[in-house]
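5 is the number of the first residue of the first sequence in the working numbering; add one for each residue after it.
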Amino acid sequence: MKVRLGYVAMSRTLDMITPSHTITYTNYLKEEQKEEKLDYLINCNLDSLEQILRYNIKNNIHFYRLTSKLIPLVTHKDVSFDYITPYINKYELIGVLLKKYDIRMDTHPDQFTVLNSTNKEVLENTNRILEYHYRILKAFKIDIPIIILHVGSSVFGKKKAIERFIYNFRQLPKYIQECIVLENDDKVYQVEDVLYICRILNIPMVLDYHHYVCNHNNDLDEYLKDILGTWNNIRPKIHFSSPKSNNKKDFRSHHDYIDVDSFITFIEILKKYNIDVDIMIEAKAKDEALFRLVRQLKYKTDYYFIDDTTFIV
DNA sequence: CGCTGTCAAGACGAA
DNA sequence: TTCGTCTTGACAGCG
């Protein structure tokens, strides 16, 4: 089993570089040269992204999550501009880097994306957000674009909320449906709920191990085979993080780093299935947490590292 | 210069 | 029905 590790959005090492420069709507309205301001921010963000990817290449990081704030105000309903054509060279250059150096990059829209919302406006926003993520992934010419979503709200109960999710999913354009992957969450939708939806819609499922620990009734082992099976011939993705603290209040929050022993425990469960996976390290210390985990794994296990972030079990 | 409150946006539970 | 909290990084504004 081959495991590749990844991190989210920003590098601790490149701490002066962010691909998420932004402007608030209020300040945008005050701005005299609106187009120039947006253009400046977009160029900043795309250049930062390129630098981060070059850093990933140097460090053999093959798995990375794009920030959802790459284009400022892009999904605001009262702001409209072409964020693809003027920057097509930059998108294509980044796309070439991804392909040439085998970096898997996906997106995970944030909490405002609620496909099963009962509020019409929220659903409209959600459609806009999904369209944006799709267009960005396409601009990078990513072969298998993946947008990771949560099921969303539980208004009127889980059963009705799941029905709404399925109904609304089927209203989406086919090309967006084909990108969506569902993740279990830490409060409402457990592994079995998400698996149920994924089976009906024939879409893959991302297992979030920390969310599973926060919110489960049954043993993970009962579901792992089915979860991995939802990916067909695509390499499955898994999210991994550790609780910020063991007290109830902070348990669900992410720790700066990864608890190596629980990571090893998880790998030992996973290795029975002997399938190659990509594991996204969701820790506040970002790539620093990834590299610390690798050092600890090298010390504590006999996993064979074929590069800085990839190992064989 | 550094700290703090605010931000376009949702959902939920407590008061 | 309204408010506080969750969560998060960027940034404006203030001292």
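All C-beta atoms in this analysis are idealised placements derived from N, C-alpha and C, irrespective of residue type, glycine included.
By the criterion of a C-beta distance shorter than 7 Å, residue 260 is surrounded in its chain by 287, 288, 289, 293, once the five residues flanking it on both sides are discounted.
The criterion of a C-beta distance shorter than 9 Å is not satisfied by residue 107 and residue 55. Cβ neighbours of residue 201 within its own chain (closer than 7 Å, five residues either side excluded): 155, 166, 169, 170, 186. The secondary-structure analysis by DSSP pairs residue 315 across a beta bridge with 7, 309.
Note: residue 243 is bridge-paired with 212, 284 in the DSSP secondary-structure output.
For residue 130, the secondary structure class from DSSP, reduced to helix, strand or coil, is helix. In chain order, 155, 156, 157, 165, 168, 169, 172 place their CB closer than 7 Å to the CB of residue 120, counting only its own chain and leaving out the 5 sequence neighbours on each side. Residue 216 and residue 75 have their C-alpha atoms some 32 Å from each other.
In the structure shown, the three-state DSSP call for residue 33 is helix. From the listed residues 91, 195, 136, the smallest Cα separation to residue 228 is found for 195. At the C-beta level, residue 111 and residue 174 stay beyond 9 Å of one another. Membership of residue 100 in the alpha helix (DSSP H) is indicated by the continuous run 92–104. The segment 48–65 makes contact with the segment 93–103, as at least three CB pairs between them are under 8 Å. Here residue 315 is buried, its C-beta having at least 16 other C-beta atoms within 10 Å. Ranked by Cα distance from residue 31, the options 24, 23, 41 are led by 41.
Separation of the CB atoms of residue 281 and residue 12 is rounded to 17 Å, and the pair is thereby denied contact status at 8 Å. For residue 56, the enclosing alpha helix (DSSP H) begins and ends at 38–62.
The Cβ atoms of residue 234 and residue 256 lie no closer than 9 Å to each other. Contact check for residue 80 against residue 29 passes: the beta carbons are separated by less than 9 Å. Rounded to whole angstroms, the gap between the alpha carbons of residue 160 and residue 242 is 30 Å. Counting only the Cα atoms, residue 150 lies some 18 Å from residue 105.
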